[in-house]
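Asks:
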Amino acid sequence: MHYWLMKSEPDVFGIDDLAKMTRRTTGWDGVRNYQARNYMREMARGDQAFFYHSNCAEPGIAGIVEITRTAYPDPTAFDRKDPHYDPGSTPEKPRWFMVDVTLVRRLRRVITLSELKNKAEKELDGLALLRRGNRLSVLPVSTRQWRYILSLE
DNA sequence: GCCAACGTTGGC
DNA sequence: GCCAACGTTGGC
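Counting from 12, one number per residue, gives the positions in the first sequence under our numbering.
1) If you follow the alpha helix (DSSP H) that glutamate 164 is part of, which residue opens it and which one closes it?
2) I'd like to know if the segment 68-87 and the segment 122-138 are in contact, where contact means that at least 3 CB-CB pairs between them fall below 8 Å.
3) One question on the structure: do phenylalanine 112 and threonine 79 come within less than 9 Å of each other, judged by their Cβ atoms?
4) Could you check the C-alpha separation between leucine 16 and isoleucine 75 for me, to the nearest Å?
5) Return the CA-CA distance between threonine 166 and tyrosine 14, expressed in angstroms with no decimal places.
6) On a CA-only basis, which of Thr81, Tyr63 and Asn44 is nearest arginine 56? Give me that one, please.
7) In the DSSP output, which residue or residues are listed as bridge partners for glutamine 59?
8) Quick one: Cα of tryptophan 39 to Cα of alanine 60, how far?
9) By Cβ distance, which residues of its chain are closer than 8 Å to isoleucine 160, with the 5 residues on each side in sequence left out?
10) Might you give, ordered along the chain, the residues of its own chain that have their beta carbon closer than 7 Å to the beta carbon of asparagine 44, omitting 5 neighbours on each side?
11) Cα-Cα, which of Met32, Gly25 and Asn49 is closest to proline 84?
12) Here's the rule I'm using: 16 or more other beta-carbon atoms within 10 Å means buried, otherwise exposed. How should alanine 88 be labelled?
13) Tell me the DSSP secondary structure of aspartate 97 in three-state form.
14) How is the alpha helix (DSSP H) around valine 23 delimited, first residue to last?
15) From the DSSP output, in three-state form, read off aspartate 111 for me.
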């Protein structure tokens with residue numbers, strides 16, 4: 012059992028959008044970064060992830076999702092008309108992968124990035140999200156960090 | 001293999 | 001909209 016953090020822009024796809032999906036489940040497609048891809052391939056069924064709202068007025072953790080399908084080829088990479096199309100990825104030799112996530116619950120309130128930053132020196136020392144210049148859209152969270160962040164709720 | 005140019009991310 | 005900090009690309 013591992014914990015993760017997955018970023019999404021609420022203007023594009025936020026936690027309210029996930030809540031409206033059939034079975035509150037969506038495929039996490041469009042990831043085009045090797046390290047983020049590798050993290051997704053490490054995910055197991057039942058792993059949980061924070062649903063993080065990025066690039067918005069109040070960046071922060073909005074909810075919890077569960078991995079309900081492990082990594083499989085991301086078909087948007089094969090679609091010439093898709094903005095994430097990558098001619099280097101083919102069905103025979105896929106380069107990009109995605110997982111399915113299911114909403115577990117919204118947090119009672121958004122735990123903001125600025126709050127997390129306030130804890131960066133102590134309780135959240137080493138949190139990948141807070142490391143300088145980190146732009147990965149999929150990140151690991153330790154069990155200790157996970158529990159501590161939830162205690163802020 | 002080096003590295004400049006370019007594109008992207010994402011907080012502010 | 002700005003811009004720092006990346007990652008990627010491609011000429012050499």
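C-beta: ideal position from N, C-alpha, C; glycine also.
Replies: For this structure:
1) The residue labelled residue 164 in the question sits at position 153 within the first sequence. Counting along the chain, glutamate 164 falls outside any alpha helix (DSSP H), and DSSP gives it neither H nor E.
2) With a cut-off of 8 Å, the segment 122-138 and the segment 68-87 count as touching, because enough Cβ pairs lie within range.
3) By one-based count along the first sequence, residue 112 stands at place 101. By one-based count along the first sequence, residue 79 stands at place 68. According to the sequence displayed, residue 112 carries valine and not phenylalanine. Less than 9 Å separates the beta-carbon of valine 112 from that of threonine 79.
4) Counting from 1 along the first sequence, the entry for residue 16 is found at position 5. Counting from 1 along the first sequence, the entry for residue 75 is found at position 64. Taking the straight line from one Cα to the other gives about 9 Å.
5) The first residue shown for the chain is 12 and the last is 164, placing residue 166 beyond what the model contains.
6) The count along the first sequence starts at 1 and reaches residue 56 at position 45. If we check each option's Cα against that of arginine 56, Thr81 comes out closest.
7) Translated into the one-based positions of the first sequence, residue 59 becomes position 48. According to DSSP, residue pairing for glutamine 59 in a beta bridge involves Tyr14 and Glu77.
8) Here the question's residue 39 lines up with position 28 in the first sequence. Here the question's residue 60 lines up with position 49 in the first sequence. Tryptophan 39 and alanine 60 have their C-alpha atoms roughly 12 Å apart.
9) Translated into positions along the first sequence, residue 160 becomes position 149. So the qualifying residues of the chain are Phe61, Ile72, Ile122, Leu127, Leu135 and Val152.
10) As a first step, residue 44 must be located in the first sequence, where it is residue number 33. Scanning its chain for C-beta atoms nearer than 7 Å, with the 5 sequence neighbours on each side dropped, one finds around asparagine 44 the residues Leu147 and Ser148, in chain order.
11) Position 73 of the first sequence holds residue 84. Residue Asn49 is the option with its Cα nearest to proline 84.
12) Working through the first sequence from its first residue, we reach residue 88 at position 77. It counts as buried.
13) Here residue 97 refers to the residue found at position 86 when the first sequence is read from its first residue. If DSSP states are grouped into helix, strand and coil, aspartate 97 belongs with coil.
14) Taking the first residue of the first sequence as 1, we reach residue 23 at position 12. Boundaries of the alpha helix (DSSP H) harbouring valine 23: 21-24, taken from the DSSP string.
15) For the purposes of this step, residue 111 is identified with residue 100 of the first sequence, where counting begins at 1. Aspartate 111 carries a strand assignment under DSSP once its states are collapsed to helix, strand and coil.
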